[in-house]
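Taking our numbering, I'd label the letters of the sequence shown as residues 617 to 816. Beta carbons are placed, not taken as given, at the ideal position from N, Cα and C, and that holds for glycine. Please read these numbers as outputs of a predicted model, since none were measured by experiment.
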Amino acid sequence: MTFVDSDMYELFISGCPLLEEFLLRNDEIEIPPVWNALVSSPSIKRLTIVHHFPNYREAHDGCWFRTPNLVYLDYSSYVPDWYEVDLGSLVEAGGYGDCDSVYDEEEYPDDPILGDVTNLVTGLSNIKTLHLSPDSLEVFYFCCKSMPVFHNLLTLSFESDQKRGWPVLPLLINKSPNLETLVIKVYHYSRPINTVLFLS
């Protein structure tokens, strides 16, 4: 299904009171995003968002996840100024997809680092499984003002081909007192050179 505007998107969500799984994807580089940065549904349990709009980064100041029964979230997009979230049932979360880095030093050397994911990360603090992509590792490093304690986190996995973002790893591990499994994949020139699996 293609949404022609945000009104059509809202009508679709409100008209599907039993919807449990939803995939929202935007790859139209030259067209402003139709999604209004709001997901409000008590029924959705699995949500995947890949929102790629490099020419319209200013389209969203904030993002809302009003999804109290969501158990799985896969979210890749540009980082807005703030998040408002209700993710009390979330068990697993990850960041994948065609998402530009929050900061491209070569292409935008003078651009400030914008966005704040602090509220979003706090909303993830009860999850059991967390997967971080190279982009999301950088986002945690650059755009999260404080790191919550992940008391329930048992499995943490991430992959990276970037030099930036690594300092967040020790902090994240220290904030996960019950972590049992840590999976790290490091890439160089798009080829995996090292994989570490740690079990405790």
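Shortest alpha-carbon distance to residue 782 belongs to which of 705, 792, 664, 749?
749
Alpha carbons only, please: which of 626, 760, 641 is nearest the one belonging to residue 692?
641
Buried or exposed: residue 628, going by 16 or more other Cβ atoms within 10 Å of its Cβ?
exposed
Nearest to residue 708 by CA position, among 653, 663, 652, is which residue?
663
Tell me whether residue 794 sits in a helix, a strand or coil according to DSSP, three-state version.
coil
Straight-line CA distance for residue 764 to residue 679?
20 Å
Would a C-beta distance cut-off of 9 Å place residue 711 and residue 751 closer than the cut-off?
yes
Any chance the CB of residue 707 is under 8 Å from a heavy atom of the ligand MG?
Judged by which ligands are present, the structure shown has none, so any question about the ligand MG falls away.
What residues in its chain sit with their C-beta under 6 Å from that of residue 803, if we drop five residues either side in the sequence?
777
Residues in its own chain within less than 7 Å of residue 720 by CB, not counting five upstream and five downstream?
With a pLDDT of only 48 at residue 720, under 50, the local geometry of the prediction cannot be trusted, and no value is derived from it.
Once the 5 residues before and after residue 626 are set aside, which same chain residues still bring their CB inside 6 Å of it?
none
Rounded to the nearest angstrom, how far is the Cβ of residue 695 from that of residue 733, given a contact under 8 Å?
6 Å
Using a Cβ-Cβ cutoff of less than 7 Å, which residues in the same chain neighbour residue 639 once the five nearest sequence positions on both sides are dropped?
664
Who are residue 708's beta bridge partners in DSSP?
688, 745
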